[in-house]
Each structure stands twice: as structure tokens, then as C-alpha cells.
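Structure, as C-alpha cells:
Number of protein chains: 2
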Amino acid sequence: MTSKSQRQHLIERLLAERSVGDHSELVELLAVEGVEASQASVSRDLDELGAVKLRAGGHTVYAIPEIATQRAIPIEALRRVCGDWVVGAEHSDNLVVLTTPPGSAHVVASAIDRSDTTDVIGTVAGDDTILVIAARHTSGEAVAKHFRDLAGL
Amino acid sequence: MTSKSQRQHLIERLLAERSVGDHSELVELLAVEGVEASQASVSRDLDELGAVKLRAGGHTVYAIPEIATQRAIPIEALRRVCGDWVVGAEHSDNLVVLTTPPGSAHVVASAIDRSDTTDVIGTVAGDDTILVIAARHTSGEAVAKHFRDLAGL
DNA sequence: CATAATTATTCATTCTAATGAATAATTATG
DNA sequence: CATAATTATTCATTAGAATGAATAATTATG
Chain A
17 MTSKSQRQHL IERLLAERSV GDHSELVELL AVEGVEASQA SVSRDLDELG AVKLRAGGHT
77 VYAIPEIATQ RAIPIEALRR VCGDWVVGAE HSDNLVVLTT PPGSAHVVAS AIDRSDTTDV
137 IGTVAGDDTI LVIAARHTSG EAVAKHFRDL AGL
Chain B
17 MTSKSQRQHL IERLLAERSV GDHSELVELL AVEGVEASQA SVSRDLDELG AVKLRAGGHT
77 VYAIPEIATQ RAIPIEALRR VCGDWVVGAE HSDNLVVLTT PPGSAHVVAS AIDRSDTTDV
137 IGTVAGDDTI LVIAARHTSG EAVAKHFRDL AGL
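Chains as they are written, first to last, in the numbering used here: chain A, 17 to 169; chain B, 17 to 169.
Below you can see the structure in the form of C-alpha cells.
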């Protein structure tokens, strides 16, 4: 009954509160909180959270940098979000308007922001619409097509 | 390669453009657009979209009312969204603050708005925080607990 | 009214993301 | 440096949402 995002949020909290030296220690701390997870899942979670290992007092501990240096999400993750939530992509000049179901624009915008695409210089999300600004080296048309491809439209 | 939300968006468009009299006609129109779906899926989609059947010129056609009278989402759908995205719930007086992963607040707020709960009179969503206002007949504490239960926290 | 047509629902199946056991790869330690 | 410890990855499995075939239920029609 614990989703991956809930577990990752809990991991963030545990790492902020304690010195965690290795994955098995984290697996145990999660279990104390009633969350079952294997070393494999923890490894993946830490990777997705952008956790780093710091030297502290002679040993190393995990920490999540305060500056949000989460790894750029893989293109497959962006494709998944677009495939689920982007229902339309139109352009005008260097602007692209993506349409989503109501309430879903921010999830998509957040995924775009976290991807390492250099074709987009920014996004503005409303309720069901995202304004995407294409970078100078590309065009609104190309970016709209890119998102249509990602969304499977 | 077509998600349910994309298919439902397409259905909305088809119903706005044409007179669709029954499910099998819609199944065919979807197929023309390259989207395979069975009568069963179409039945569910129309239900979720709140489609109604209007009498027009001697026969009946499907339409989606302009006023967003989508069916209230089932409690299980709200539970699913909360289980996936709500990572914290705290209260103060009649206010409840729900925490989500970055960019996910609106999805949750939208689900809450679309549920038929009478315990919440409104929501305000940011990036990773939702302010939920408890109704007068209940309390912030009870509403926070309700969301913790829904989220499996 | 009988029944054909349509719609909703059940139940088995499919799909896909996530998970974990096992193991390969990497790092830390004595 | 050897090797124990730790971490990352592979591959099989699981979980849960969605789907579709079949059928029950409902509605429309002559």
C-alpha cells in the first residue's frame, strides 16, 4: 500500500534525519516504518533521487543535495508521461501548446523541466494547457512534432 | 500506443464533430483514427466522460454536456490518486495541507474536486502542496486523517 | 408486446511498470 | 593487493489497471 513516490519521499526524510551508510541499513529503516523494499529497489530509488555519498567523520553517508540535482529523467520516462497525459500538441512560431486532461498539465511540465532536452527553454503550465517555448536553435514546429512523437499522437 | 486519456480526448472531439448514435459507430470512428477499442471500453469511456444521449431529429445521439457534469469519480479512483501521489497530510484548524511529489499537486487537487466528498469545500494547488479547506460540519483533523487513509499513510 | 438493438457488467486475459532474487560490477578495507 | 562489502543490473515474477469476449441487463422499435 505504499507507492514508489511515497517510498522515495520517506527515503528523503530518513536521509535527512540520519546517517545512512549503505543500502541494507536503509532497507532496515524503511522496514521499521512499515515499508518493505529490497536492496535493488533502494538502489534504483537513490539513483532517481540523485542521492550522493558524502564522506562524514571517517565513513561515508548518503545524502540528497539541497540543490535539486536530481538526475535528468530518461527519455523513456518523458515518453511515458507524454504518452499518458499529452492529448494534443500545436505550435505557432516558437511556441508550442500542449493539451492535457484537466489537472494534468503540471505533471507533464515538470517532466519536461526534468528532462535534459535542450530544445525547450521553458514551460508554463495551467490546468490542461502547457505553453512550451522552443529554443532558438530549433522551431516550434519541430518541438511540437517531437512531443507528438513522444505522446504517440 | 494510445492511452486511455488520449482515447477519451479523441472521443470528446468525435462527439463534438459528428452525430454518433451508438457504441459500435464510435468504435468504427475510433478505428478510422487508428485507435482500436471495443464496445466495452467505449461504454466505460462514455460513462467516465459523463456523456449523455440526446434526442436529435428523430434519433438519439451522444453528447458531452458543455457544463462539466462529469460523473463524480469513484472513491477508489480518489484512493488510487492519493495512494500514488499524496506523501503527507497535516492539518491546522480547518485547513489541511497535502504534500505531493513536485509537479503532482494539481492532479491530486483535480481528483479531489471531482470526487463527491462533502467534507472539502475547496482546494488550492501549488507545485507540491495542496491546501484543502475542510467543511464546517467536519474538522481539519478528520479530513487529514481521511486523506492519510486514502493515501495509505 | 416480442424481440432486435444497444448498453453495462463479469470474468478471464493482457499489458506495463515495478519488484526482487541472483549475480555482475564496483568500491572499500585490512 | 586480495577479498569482503557494497552497489548496479539482469531476468523472471508480481501487481494492478485496463481491456475484450461473452453475456446479462436495458432500451428501442415495429
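Glycine is no exception: its CB is placed at the ideal position from the N, C-alpha and C atoms.
C-alpha gap between residue i and residue j, whole angstroms
i	j	result
A/L31	A/E82	12 Å
A/L70	A/V102	39 Å
B/A93	A/T76	43 Å
A/I80	B/A79	50 Å
A/G104	B/E64	20 Å
A/V48	A/L62	18 Å
B/H39	A/I146	32 Å
A/E52	A/A127	27 Å
A/G37	A/L46	14 Å
B/S54	A/S35	54 Å
B/R60	A/G74	60 Å
A/V112	B/S19	21 Å
A/I149	A/R96	21 Å
B/S21	A/T139	22 Å
B/G164	A/Q24	Rather than Gly, the amino acid found at residue 164 of chain B in this sequence is Arg. Taking the straight line joining both Cα atoms gives about 17 Å.
B/L26	A/I27	40 Å
A/L166	B/G50	17 Å
B/E33	B/L42	12 Å
B/H182	A/A158	Outside the displayed span of chain B (17 to 169) sits residue 182 of chain B, for which this structure offers no information.
A/V58	B/E44	46 Å
CB contact flag (residue i, residue j, <8 Å)
i	j	result
B/G156	B/D109	yes
A/R130	A/I91	no
B/G119	B/D143	yes
A/A2	A/E106	There is no way to answer for residue 2 of chain A, as the model of chain A reaches only from 17 to 169.
A/C98	A/V124	yes
Buried or exposed (CB count within 10 angstroms, at least 16 for buried), residue i
i	result
A/T116	buried
B/V136	buried
B/A72	exposed
A/H153	exposed
B/R29	exposed
B/A67	buried
A/T134	exposed
B/A121	buried
B/V56	First, the amino acid is wrong: residue 56 of chain B is Ala here, not Val. So B/A56 counts as exposed.
Give, in chain order, every unbroken run of the beta strand (DSSP E) that is at least 3 residues long and sits entirely within the stretch 38-82 of chain B.
68-72 and 75-79
Which runs of the beta strand (DSSP E) fall wholly inside the stretch 83-154 of chain A and span at least 3 residues, in chain order?
104-108, 111-115, 136-141 and 145-150
Using a Cβ-Cβ cut-off of less than 9 Å, give me the residues of the stretch 109-120 of chain B that come near chain A, in sequence order.
T115, T116, P117, P118, G119 and S120
Please list, in chain order, the residues of the stretch 121-141 of chain B that have any C-beta partner in chain A closer than 9 Å.
A121, H122, V123, V124, A125, S126, A127, D129, R130 and A141
Along the stretch 25-40 of chain A, where does the CB come closer than 7 Å to a CB of chain B? Name the residues.
For the stretch 25-40 of chain A, the beta-carbon criterion of a distance under 7 Å to any beta-carbon of chain B is satisfied by H25.
Name, going along the chain, the residues of the stretch 89-104 of chain B whose beta-carbon falls closer than 9 Å to a beta-carbon of chain A.
G99, D100, W101, V102, V103 and G104
Quick one: which residues of the stretch 47-74 of chain A get their C-beta closer than 8 Å to a C-beta of chain B? List them in chain order.
Cβ proximity to chain B below 8 Å picks out nothing from the stretch 47-74 of chain A.
The stretch 143-162 of chain A: which residues have C-beta closer than 8 Å to a C-beta of chain B, in chain order?
D143
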